[in-house]
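Sequential numbering of the sequence shown, starting at 0, is according to numbering that gives the first Met the number 0.
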Amino acid sequence: MTGTPGADTDAEDAWAREMPLGPALLQHNATELLGEQAEDRASRIMVTFPPEAATDPALVRKMVDAGMDIARINCAHDGPEEWAAMIAHLDDAAGADALVAMDLAGPKLRTGPLAPGPEVLKARPHRDETGRVVDPAIVVLTAPGTDAQAPGTRVPVTDASWLADLEVGQRLRFTDGRGSRRTLLVTDVLAEEDGPAGVVTELVKTAYFVPGIRLEPETGGSAGVVAHLPARRSHHLVREGEQIILTRELTAWEPVPGGPHRIGCSLSQVFDDALPGQRILFDDGKISGVITAVAAGQLTIDVVSAGVDGVKLRPEKGINLPDTHLDMPSLTEEDREALRFVVEHADIVNYSFVRDQHDVADLLDTVEALGRDDLAVVLKIETVEAFRNLPQILLEAMRWREVGVMIARGDLAVEAGFERLAEVQEEILWLCEAAHVPVIWATQVLESLAKEGLATRAEVTDAAMSMRAECVMLNKGPFIVEAIGFLHDVLQRMQEHVSKKQTLLRKLRSWDLQAWHEQR
Numbered sequence: 000m001t002g003t004p005g006a007d008t009d010a011e012d013a014w015a016r017e018m019p020l021g022p023a024l025l026q027h028n029a030t031e032l033l034g035e036q037a038e039d040r041a042s043r044i045m046v047t048f049p050p051e052a053a054t055d056p057a058l059v060r061k062m063v064d065a066g067m068d069i070a071r072i073n074c075a076h077d078g079p080e081e082w083a084a085m086i087a088h089l090d091d092a093a094g095a096d097a098l099v100a101m102d103l104a105g106p107k108l109r110t111g112p113l114a115p116g117p118e119v120l121k122a123r124p125h126r127d128e129t130g131r132v133v134d135p136a137i138v139v140l141t142a143p144g145t146d147a148q149a150p151g152t153r154v155p156v157t158d159a160s161w162l163a164d165l166e167v168g169q170r171l172r173f174t175d176g177r178g179s180r181r182t183l184l185v186t187d188v189l190a191e192e193d194g195p196a197g198v199v200t201e202l203v204k205t206a207y208f209v210p211g212i213r214l215e216p217e218t219g220g221s222a223g224v225v226a227h228l229p230a231r232r233s234h235h236l237v238r239e240g241e242q243i244i245l246t247r248e249l250t251a252w253e254p255v256p257g258g259p260h261r262i263g264c265s266l267s268q269v270f271d272d273a274l275p276g277q278r279i280l281f282d283d284g285k286i287s288g289v290i291t292a293v294a295a296g297q298l299t300i301d302v303v304s305a306g307v308d309g310v311k312l313r314p315e316k317g318i319n320l321p322d323t324h325l326d327m328p329s330l331t332e333e334d335r336e337a338l339r340f341v342v343e344h345a346d347i348v349n350y351s352f353v354r355d356q357h358d359v360a361d362l363l364d365t366v367e368a369l370g371r372d373d374l375a376v377v378l379k380i381e382t383v384e385a386f387r388n389l390p391q392i393l394l395e396a397m398r399w400r401e402v403g404v405m406i407a408r409g410d411l412a413v414e415a416g417f418e419r420l421a422e423v424q425e426e427i428l429w430l431c432e433a434a435h436v437p438v439i440w441a442t443q444v445l446e447s448l449a450k451e452g453l454a455t456r457a458e459v460t461d462a463a464m465s466m467r468a469e470c471v472m473l474n475k476g477p478f479i480v481e482a483i484g485f486l487h488d489v490l491q492r493m494q495e496h497v498s499k500k501q502t503l504l505r506k507l508r509s510w511d512l513q514a515w516h517e518q519r
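Next up, the structure:
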């Protein structure tokens, strides 16, 4: 061993003295960013506000009482009027005890429109296991533009006066869109002062209604005619081995069985930066492909995977390009406009689509110019590019007083590969802990519970693991209050078993590009 005698011992003693400061510093930073932790659990709970939070103060109060610490408002939805109402209801329910975090939308990388499908409505009776009709289908015949207040399938007819001649007990015969003969039995007339608002009928066999169908009274007289119906949503049915043509032009393309499947892309920068051989994924990774050709205004994509029986690709579905660097700012003009509201009303801004330290600098400079150098900043790590650049991103962010990281596991799983998500989020947790940066564990936490009222076993385990982060985020759903209470209970129990992460720390490779490709 070379060097000054005792130097190694002195360094080890200094290291031992400094080590206890790390957890304390992380806890201090978490409190500065996310507020005081609850007495009975270490991790905070962030919850996405649904649109109803703008009009239902009682719902907001229930969310606070269930354990919500931070309200998340997504700037991609609603507008300043609704955002202000949500914040006012939160202030009434919790005062300064709950914080407001607002998400900037970032660039929208989505599929474009498709030509509308056929105008058709399907009405089907309820049958038991033997095929016998238990409850007939209810079909409400209405005049165009009339909203008859009755449950059932609404079918408009062209002539309101024809409805006035119908009586309870009459039968209407017709041939449906498939050429099948069917009969409607009139069971009720929904009367108004100036005529019927609608006529309620029963149907005991499945029928497809299309415009132009003639409804013939069994007793004779004039026929009613079915008016225009809402067009059905169309889609491409994409299968492995087929081709997708992604176009700069946002034309409402017609679906073509077997492809090539043409569909537009909302972000024109894609066509300037994408290269052959790069991967591309659609709809949360349900469809994956490889770009094989780049031409003026379009990309040709060979589909590598699309489920067992194919995947329905619809408009407004997400697109991911994990191998492509898009030469454009992460902070859009819409984001800059939303920031004017954020700096006036929010405690935290969540920054979407951050990819490198330059994106971080852009946001921090913009916020500072707007006079809010005390606005807390959370960087959403949702792309492979951001994951690779995380050390540089953190170093740039550390010039800000209050900063955190959100593991946006939805897009991150799509880009990194679902099989690597656990490893990737673990490395983010380790790196942020080393940097004393608080972490928010996000995306699909207790999603089944929030949306359907019942959690899966895997979700419960995921919720338990989430307590290693300083904050856990829940998304909106009809059962969100129950989900908040459930998560509060899980976090409370788990803090007695685990403190952060007591596991082996192998060599981190988040910024090692060569190692990343070798493991793919």
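Even glycine gets a Cβ: it sits at the ideal position worked out from N, Cα and C. None of the values given here were measured: they were computed from a predicted structure.
- Straight-line measurement puts the Cα of LEU228 at about 30 Å from the Cα of THR246.
- Distance from the CA atom of ALA412 to the CA atom of PHE386, rounded to whole angstroms, is 11 Å.
- Rounded to the nearest whole angstrom, the CA to CA distance from VAL209 to LEU363 is 56 Å.
- Comparing C-alpha distances from LYS121 to each of ALA136, THR200 and TYR207 shows the shortest one belongs to TYR207.
- Of GLY219, THR110 and GLU128, the smallest CA-CA separation from GLU166 is found for GLY219.
- The region 441-449 and the region 414-428 do not touch, with fewer than three beta-carbon pairs separated by less than 8 Å.
- When rounded, the separation of the alpha-carbon atoms in ASN73 and ASP322 is 27 Å.
- Between ALA196 and LEU202, the CB-CB gap reaches or exceeds 8 Å.
- Taking a cut-off of 8 Å for Cβ pairs, the region 299-306 and the region 350-363 do not touch, as fewer than three such pairs fall below it.
- Secondary structure of LEU171 (DSSP, three-state): strand.
- In the DSSP assignment, ARG261 falls outside any alpha helix (DSSP H) and lies within the beta strand (DSSP E) extending over 260-263.
- Under the criterion of beta carbons closer than 8 Å, VAL225 and ILE212 qualify as touching, at roughly 4 Å.
- In the structure shown, ALA441 adopts extended strand secondary structure according to DSSP, grouped into three states.
- As far as DSSP is concerned, CYS74 takes part in no beta bridge.
- With a 10 Å radius around the Cβ and a threshold of 16 neighbouring Cβ atoms, SER267 comes out exposed.
- A residue is called buried when at least 16 other Cβ atoms come within 10 angstroms of its Cβ; MET464 meets this threshold and is buried.
- As the crow flies, the alpha-carbon of ALA337 is around 14 Å from that of VAL99.
- As for any alpha helix (DSSP H) of minimum length 4 sitting wholly inside the region 12-71, the runs are 20-33 and 56-65, ordered along the chain.
- The residues ASP358 and ASP361, in chain order, have a CB closer than 8 Å to that of PRO328 in the same chain once the five nearest residues on each side in sequence are set aside.
- Counting of Cβ neighbours within 10 angstroms places ARG131 among the exposed residues, the total staying below 16.
- Note on geometry: alpha-carbon atoms of LEU24 and HIS88 lie some 33 Å from one another.
- Around the C-beta of HIS260, 16 or more other C-beta atoms lie within 10 Å, and the residue is accordingly described as buried.
- If you draw a straight line from the Cα of MET85 to the Cα of ALA53, it comes to about 4 Å.
- Between LYS316 and THR460, the CB-CB gap reaches or exceeds 8 Å.
- Going by beta carbons, ALA29 and VAL46 fall outside the 8 Å limit.
- Within the DSSP bridge table, the entry for THR291 names no partner.
- A direct Cα-Cα distance of roughly 9 Å separates PHE173 from PRO216.
- ASP346 has no beta-bridge partner at all, per DSSP.
- Straight across, the Cα-Cα distance linking SER233 with ASP90 is about 43 Å.
- By the Cβ neighbour-count rule, ARG170 is exposed, with fewer than 16 other Cβ atoms within 10 Å of its own.
- Look at ARG339 here: in three-state DSSP terms it is helix.
- A check of alpha carbon separations from GLY296 across GLU118, PRO150 and ASP271 identifies ASP271 as the nearest.
- For the pair ALA433 and GLU253, the Cα-to-Cα distance works out to about 52 Å.
- ASP282 and VAL119 have their C-alpha atoms some 26 Å from each other.
- Under the three-state reduction of DSSP, SER304 is assigned to strand.
- Going by C-alpha positions, LEU473 is about 45 Å away from VAL156.
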